[in-house]
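The structure under discussion appears below in the form of structure tokens.
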Amino acid sequence: MRPFITKALPAIPVILFLVALVLMGKLMGQQLSPEDILQKTDDVANAPKNQYMESTMLLIDKDGDQKERKMLIYQKGEDNRLVRFLSPADQKGISFLSLPNDVMYLYLPAFRKIRMIASHVKNESFAGTDFSYDDMSSYKFADEYTAVLTNSDDQYFNLELKPKPNVDKDYSKLEMTILKDKYIAVKINYFDKGGNLWKTLTRGNLVKKDDYWVAMTMMMKDLKKKHNTVMNIEKIDFDIEMSDTIFTKRYLKRIN
Amino acid sequence: MNRNIIQSILTGILLLAGFLFADDKLNISGYIHSENRLQTNEQEITWNENRLNLQFEGGKSNKYHFFSEVRLRGLGFPNVNQTSDLQLQEKSKVYRWGLEFREAYVDLYGFALENLDVRIGRQIVSWGTGDAFNPTSNISPDDLEDIYNFGERLGINAFNGTYYLNDNITLNGVFIPLFTPATLPIGDFSRAFSPQIELPPGLSIGNLSDEILLPKPSISESSQYAIKIMTTLLSYDMSLSYFKGRDDFPLISKVELTPVDLIGTMDISTVLQYPEIEVIGGDFAGSIASVGIWGEGALTIPKKLPMTTIYPSFINPGQLDTMQTVALENESYFKYVLGGDYTFKNGMYLNTQFIHGFFHERGKDALNDYFSFRLEKNFFNGELKVIPISGALAVNNWDDAKNNYGLVYAPEMIYYFSDNVELSIGAFILDGKGDNLFSSIMDKDEVYVKIKVSF
């Protein structure tokens, strides 16, 4: 009978190789810089060439009273987004167009005019919700924030983001929790200029649609106002035929 | 209007719309608006309006779209003078009804050319970047019935084509076959907008009558057109425009004085016409840093309008003499507006404009300066909007501004009771000195309450 060590000898290279693979994997995971993680999260969010969404927003105040907004959202690439309100009646037809380089337009049917929006409204509430115009415009954290990795466990990366110099934000920092296996930000804490926790965004009900993971529910909590906005995606389509003309002023004023 | 006719029209519209557009996603929406104003000095109700606004809309998104808006409303007060007024079947003397056919048009997208959109029918065309005051917007006439709600316009029958030359240049052309005049304010502001007649010392005005001459409904006399080119340059939206048509406010072109007694009383009859004008305009909108800015200017070139005055002859008593002068010189004048808005970090929103030349002002020496301003803030997650500072300041002589100004201060509070339901209370507080739009009615302060329900 050969000693155990002799029998085990041929397997050692294999084991070492496997251990090396695991270590390399771990090492490679750790080698992703916080900026890379953030960029990858942006890339995942912006991976579809385009998307069409029908969603409902519930605005819930501290007494639990609810208001409902229904809207259509078209998005193409990172920077082109059109939001059109379907209800309530007094907001029906109001449409918002976000284009590259922070160019934003608002169409108010009652005034029959398209108005360019100056950047002072970027941080204002979007149609009474807890999302700001800026929150609604695009998903480009890596372009606008610096990132520091504060924690990493089996499931999540935790990043702390701060606005880059010359980027005007109402937030002093963000804490972002990212699912490691999907690179989806499932929670973002927004801090005001004084460093106080202001808003919290949570994303849930993750569903794989076509080749993309999508959070079908988002909740933005404004802790100062004690007010929540829950956004439920009722329909979403990716990579459909979507003309560039949708993201124009010509299309913006088309009600239907 | 006869009540039965109104009912028939409305029923007809609803049924027709339902049948015609059953397959075209017909949407019916609108609002109910009720408003009452009280003049505080005399405790008199000055405005009593109840309005049902209906909008019909539909179409196939990439081919065509139709829209119509009708407004049924009661405005004013009972007009009962005798018993029989109370016995009218249509109750028109008790309730004062009105039906306003504001818009009814069809949009045809990609009409004949892929990049051409056409709108045909009665429509409100609103040009310019100014906030409610738009000197370049001369296509749809001003609806100044309620002067405090200025910026409202009337629908006109028009062919309106927009051609998208490329991603950044858009051409817009509008042809209006038939001239439509502006409506003038009712109530206290009516005298500020009515042409004033002044007689030499020693003479007084007896009866006043006027006649308005509308242009003949022919293409050469009544039609108007306008063109505009729009682009975005250096992150600024801008446009250049040209309008050829008529001023939508009438101007006296003939005065006839008839003596009625020996102490100098004269009956006056006037004829008013709508002067022909050309308007070259331009506007821009953008931002400096995070402050929104806009500007709009219009150079109006009027066609000379002669003035005929017929008066009792001083040389040949009992006969009339005629004098020919000029009602409107063909001297151009420039109206403009410059404005900006900003939202402060605490959510307070400020909107202010400098306006040179109001709607009804004509001629370079007659244009006054105005500032409009509005400061507002939302509370309770937007359920309450408070507008503590809002209004307009008029200055008609900068050399002696403290004796030549007019101010309308219009604070307001809007309570959004629920989605689609808003309740407003506010006031119009007037002050001024000298001869200007607001000072002439400075003792007519008003408070109001409004409710609007959208559906």
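Sequence lines, in order, name chains E and L.
Letter 151 of the first sequence, counting from 1, is numbered 278 in the working numbering, and no numbers are missing.
Letter 269 of the second sequence, counting from 1, is numbered 282 in the working numbering, and no numbers are missing.
Glycine included, each C-beta is placed from N, C-alpha and C at the ideal position.
Round the Cβ separation of residue i and residue j to the nearest angstrom and send it over; I've been treating them as touching at under 8 Å.
i: P319 (chain L); j: N343 (chain L); result: Not quite, the Cβ-Cβ distance comes to about 11 Å (not below 8 Å), so this is no contact.
i: G258 (chain L); j: I323 (chain L); result: Wrong, their Cβ atoms sit about 29 Å apart, outside the cutoff.
i: E48 (chain L); j: Y362 (chain L); result: With a Cβ gap of about 24 Å, E48 (chain L) and Y362 (chain L) do not count as contacting.
i: Q178 (chain E); j: I305 (chain E); result: Between I305 (chain E) and Q178 (chain E) the Cβ distance is about 20 Å, and since that is not below 8 Å, they are no contact.
i: Q52 (chain L); j: T59 (chain L); result: 5 Å
i: F372 (chain L); j: D201 (chain L); result: About 17 Å; that fails the 8 Å criterion.
i: L333 (chain L); j: V284 (chain L); result: Not really, about 15 Å apart at Cβ, beyond 8 Å.
i: D257 (chain E); j: N355 (chain E); result: 7 Å
Output the boundary residues of the beta strand (DSSP E) element that contains residue i.
i: Y108 (chain L); result: Counting along the chain, Y108 (chain L) falls outside any beta strand (DSSP E), and DSSP gives it neither H nor E.
i: L406 (chain L); result: L397 to V408
i: S252 (chain L); result: Y249 to R259
i: Q178 (chain E); result: N177 to I187
i: D155 (chain L); result: D155 (chain L) -> no beta strand (DSSP E), and no H or E assigned at all.
i: I218 (chain L); result: S217 to L226
i: M426 (chain L); result: E425 to S431
i: H354 (chain E); result: H354 to F365
i: Q136 (chain L); result: L129 to Q136
i: W60 (chain L); result: E57 to K73
i: M343 (chain E); result: Y339 to D349
i: K446 (chain L); result: V434 to K446
i: K209 (chain E); result: The question names Lys, but residue 209 (chain E) in the sequence shown is Leu. L209 (chain E) -> beta strand (DSSP E) spans N207 to S214.
i: Q11 (chain L); result: Residue 11 (chain L) cannot be examined here, being either before or after the span of chain L that is shown, 14 to 468.
Cβ of residue i less than 8 Å from any chain L Cβ?
i: E181 (chain E); result: no
i: S246 (chain E); result: yes
i: L190 (chain E); result: According to the sequence provided, residue 190 (chain E) is Asp. The question's Leu does not apply to it. Closer than 8 Å: no.
i: I367 (chain E); result: no
i: D217 (chain E); result: yes
i: G255 (chain E); result: yes
i: M184 (chain E); result: no
i: R381 (chain E); result: yes
i: M358 (chain E); result: no
i: S264 (chain E); result: no
i: L167 (chain E); result: A quick correction: the sequence has Lys, not Leu, at residue 167 (chain E). No, K167 (chain E) lies away from the interface with chain L (no Cβ there is under 8 Å from its Cβ).
i: K240 (chain E); result: yes
i: G156 (chain E); result: Confidence in G156 (chain E) is poor, its pLDDT being 49 and thus under 50, which makes the residue's placement unreliable; the coordinate value appears in the next sentence. It does not; no Cβ of chain L falls within 8 Å.
i: E302 (chain E); result: no
i: K362 (chain E); result: no
i: S252 (chain E); result: yes
i: R208 (chain E); result: no
Might you give, ordered along the chain, the residues of its own chain that have their beta carbon closer than 7 Å to the beta carbon of residue i, omitting 5 neighbours on each side?
i: G360 (chain L); result: K390 and N391
i: I133 (chain L); result: Y118, V119 and F172
i: L158 (chain L); result: Correcting the residue identity first, residue 158 (chain L) is Glu in this sequence and not Leu. Excluding sequence neighbours, E158 (chain L) sits near T196, P198 and I199.
i: E361 (chain E); result: E181, S182 and T183
i: N416 (chain L); result: K446 and G447
Indicate whether at least one CB of chain E lies closer than 8 Å to the CB of residue i.
i: F468 (chain L); result: yes
i: S81 (chain L); result: no
i: N4 (chain L); result: What is shown of chain L runs 14 to 468, which leaves residue 4 (chain L) out entirely.
i: A195 (chain L); result: no
i: V460 (chain L); result: no
i: I137 (chain L); result: yes
i: T356 (chain L); result: yes
i: D334 (chain L); result: no
i: V273 (chain L); result: no
i: G305 (chain L); result: yes
With a threshold of 6 Å on Cβ separation, who are the neighbours of residue i within its own chain once the five nearest residues in sequence on each side are excluded?
i: F192 (chain L); result: P228, S235 and R259
i: I293 (chain L); result: Y255 and L312
i: K296 (chain E); result: P290
i: R387 (chain L); result: N364 and S403
i: K320 (chain E); result: S299
i: V6 (chain L); result: Since the first and last residues shown for chain L are 14 and 468, residue 6 (chain L) lies out of range.
i: S282 (chain L); result: S222 and E269
i: K194 (chain E); result: L186
i: V408 (chain L); result: D382, A414 and Y418
Just reading off the alpha helix (DSSP H) that residue i is part of, what are its end residues?
i: A172 (chain E); result: P161 to A172
i: I210 (chain L); result: No alpha helix (DSSP H) contains I210 (chain L), which DSSP labels as neither H nor E.
i: K241 (chain L); result: Where K241 (chain L) is concerned, there is no enclosing alpha helix (DSSP H), although the beta strand (DSSP E) it sits in stretches over Q237 to L246.
i: R377 (chain E); result: K376 to L379
For residue i, which residues in the same chain have their Cβ closer than 8 Å to its Cβ, ignoring the five residues on either side in sequence?
i: S345 (chain L); result: L312, T313, I314, P315 and K377
Does the beta carbon of residue i fall short of 7 Å from some heavy atom of the ligand GTP?
i: R239 (chain E); result: Annotation note on the ligand GTP: not contained in the displayed structure, which lists no ligands.
Near-chain C residues of the stretch 433–457 of chain L - C-beta to any C-beta below 7 Å: Reference to chain C is not applicable here, since the protein chains of this structure are E and L.
Unbroken stretches of the alpha helix (DSSP H), 4 residues or longer, contained in the stretch 258–300 of chain E: Within the stretch 258–300 of chain E, the complete alpha helix (DSSP H) runs of at least 4 residues are 260–264 and 268–271.
3 or more residues per run - each beta strand (DSSP E) lying fully within the stretch 294–327 of chain L: Runs of the beta strand (DSSP E) inside the stretch 294–327 of chain L: 304–315 and 318–325.
Completely contained beta strand (DSSP E) runs for the stretch 295–335 of chain E, where each covers 3 or more residues: Runs of the beta strand (DSSP E) lying entirely within the stretch 295–335 of chain E and spanning at least 3 residues, in chain order: 300–306 and 311–318.
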